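Below: the structure, in structure tokens.
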Amino acid sequence: MHVKESRWQRLDNTATVFPVIANNSTTNVYRITASLNENIDGRLLQEALDRVLPRIPAFNVRLKKGLFWYYLESNHNKPPLVREENSYPCRFIDPKANNGFLFRVSYYQDRINLEVFHVLGDGMGGFNFLKELAYQYIRLAHIDKFSEAGDSLDVDTSLSTEDSFVKNYKHAEPNDYKSGRAVTVKGEKLLSGALGVMSGHMKVDQLKEASKALDLSINEYLVSALAFAIYKGFLNGASSVYPISINVPVNLRPFFDSVTTRNFFVMVSAVFTPEKEKYNFEEVCNIIRDSLRKQITKEHLEKLFSYNVSNQKNIILRVVPFFIKKYALRLVYMKGAKANTTTFTNLGVVKVNESYKQYIREFNAMIPPSAGQQIKAGVTSYNGVSTVTFTSVFRDTSIQKEFFQLLASHGIDVTIETNGLFYH
């Protein structure tokens, strides 16, 4: 009898918190999508997943609970079923109903949806898998054009499951960072479980021009625009004793020469406290730019994650029973949740193999709401177009409108698309 070998691995430093806090309202499930220039055939998409999944070890796993911690091991079950989309994005993934897998694949018209429990990896790892899934689907749908391509993976696809946190860890002094309470966006909510989605599509060249005029990077410009939109759209331009604090994930791979498909990012906070009456956008830009540039240096980023890894390596903490760790992590998470108003993630430019470019129209990313942060935004860029997508549980869209109107006032042509929930 042939027994399949099961490999296991510890969760990376960032992933340890996700299984502890995951529930229906804080799912930690992000969605990334690839829209093609043709409608999706569900049967072919299932075949594409069946072929690709065994070749991507980072996704071919299931979550197990040990005496001291969660861990991942190889999953030998059949790949999860591909379904036509019939619900809201970023819902909780129940592994028991999903053959043990920690991701789901669905489709709607011309769009392939990949939803990932953050334990598996961040957006970079997710796009690594999604692109291979899209490539395989395109080969199957256009078999006459790709007869020689077979099932081989693209040369740019990473299979690395390295824990880059541990590899790049250096001894760190205790973290002296202290977090206070930030502005919390509140309002009338959509129906329970519903998630409103609003995307704005714009040309990268126009975005670059507007950013450069203010001496900002595109990321600094968009984060500044979000801070200003919260100031105008939620605080109505009033002063506040609490800061508008925006979580900004920083991809660590370029700083530490990593190609891992697992989580490898840290959070920095762009902070703007509206202490006086009437700020203009340029003032907010200067505050946000200074806040981000002080933090996004290799030395500071290394210090941030090394302190977290040092706790993970602490022998005393390692042997603390699981149920105690779980309780402590939840407390730490809830305290941190109050320290930020929202999250803005920039997943950068998505590049695809030239052979498939004519078939792929757009990429997009959606990040789920969480405790204290029930409106969030993310941006991806592909083929000269940037797409900023807001996900929100609120009926009111003042923040989104302020954001996109601000961009439009700077000469950026914005095309808006929503899932229609805000108008019901």
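Under this note's numbering, think of the first position of the sequence shown as 2, with each following residue one higher.
C-beta atoms are modelled at their ideal positions from N, C-alpha and C, and glycine is treated no differently.
All of these numbers come straight from a predicted model, not from anything done at the bench.
- Beta-bridge annotation (DSSP): Ile376 is paired with Ser393.
- The three-state secondary structure of Lys277, taken from DSSP, is coil.
- In the three-state scheme derived from DSSP, where H, G and I count as helix and E and B as strand, Phe69 is classed as coil.
- Listed in chain order, the non-local C-beta contacts of Gly234 below 6 angstroms within the same chain comprise Ser399, Ile400, Glu403, local neighbours out to five positions each way being set aside.
- Residue pairing of Lys204 in beta bridges, as defined by DSSP: Val386.
- Going by C-alpha positions, Arg92 is about 24 angstroms away from Pro58.
- In this structure Gly188 touches Arg396 by the C-beta definition: roughly 7 angstroms separates them, less than 8 angstroms.
- Here DSSP, grouped into helix, strand and coil, assigns Val53 to helix.
- Non-local beta-carbon contacts of Leu50 in its own chain, meaning distances under 7 angstroms to residues more than five positions away in sequence, involve Pro80, Val83, Val106, Leu134 in chain order.
- Ala35 is not a Cβ neighbour of Ile368, given a cutoff of 8 angstroms.
- Judged by their CB atoms, Ser246 and Glu276 are not nearer to each other than the 8 angstroms cut-off.
- Note on Glu300: under 16 other CB atoms within 10 angstroms of its CB, so exposed under the neighbour-count rule.
- Taking 8 angstroms as the cut-off, the Cβ atoms of Val30 and Ile94 count as close.
- In this structure, Val21 places its C-beta atom within 8 angstroms of the C-beta atom of Lys327.
- Counting the other CB atoms within 10 Å of its CB gives Lys66 a total below 16, which places it among the exposed residues.
- Contact between Val184 and Tyr280 fails: their C-beta atoms lie close to 14 angstroms from each other, not under 8 angstroms.
- Its chain contains Val269 as the residues whose beta carbon lies nearer than 6 angstroms to that of Gln296, once the 5 sequence neighbours on both sides are disregarded; these appear in chain order.
- For Asn220, there is no enclosing beta strand (DSSP E); the residue is part of the alpha helix (DSSP H) that begins and ends at 219-234.
- Met335 sits exposed, since fewer than 16 C-beta atoms from the chains shown fall within 10 Å of its C-beta.
- Looking at the backbone, the Cα of Pro370 and that of Lys377 are separated by about 7 angstroms.
- Residue pairing from DSSP places Thr34 in a beta bridge opposite Asn114, Asn365.
- Residue pairing by DSSP places Lys190 opposite Phe395 in a beta bridge.
- Around the CB of Asp157, fewer than 16 other CB atoms lie within 10 Å, so the residue is classed as exposed.
- In this structure, the alpha-carbon of Leu217 lies about 33 angstroms from that of Asp13.
- A distance below 8 angstroms separates the beta carbons of Thr261 and Thr162.
- The C-alpha of Ile231 is placed about 16 angstroms away from the C-alpha of Arg182.
- If you check the CB distance, Leu408 and Gly197 do not come in under 8 angstroms.
- Here Ile417 is exposed. Its C-beta has fewer than 16 other C-beta atoms within 10 Å.
- Judged by their CB atoms, Gly43 and Glu85 are nearer to each other than the 8 angstroms cut-off.
- Here Leu293 is buried, its C-beta having at least 16 other C-beta atoms within 10 Å.
- If you draw a 10 Å sphere on the C-beta of Ile144, you find fewer than 16 other C-beta atoms in it, and that means exposed.
- Here Val285 carries a helix assignment [DSSP, helix/strand/coil].
- Going by DSSP, Phe345 is part of the beta strand (DSSP E) stretching over 343-350.
- Beta-bridge partners assigned by DSSP to Met268: Pro250.
- Between Phe282 and Ile33, the C-beta spacing is not below 8 angstroms.
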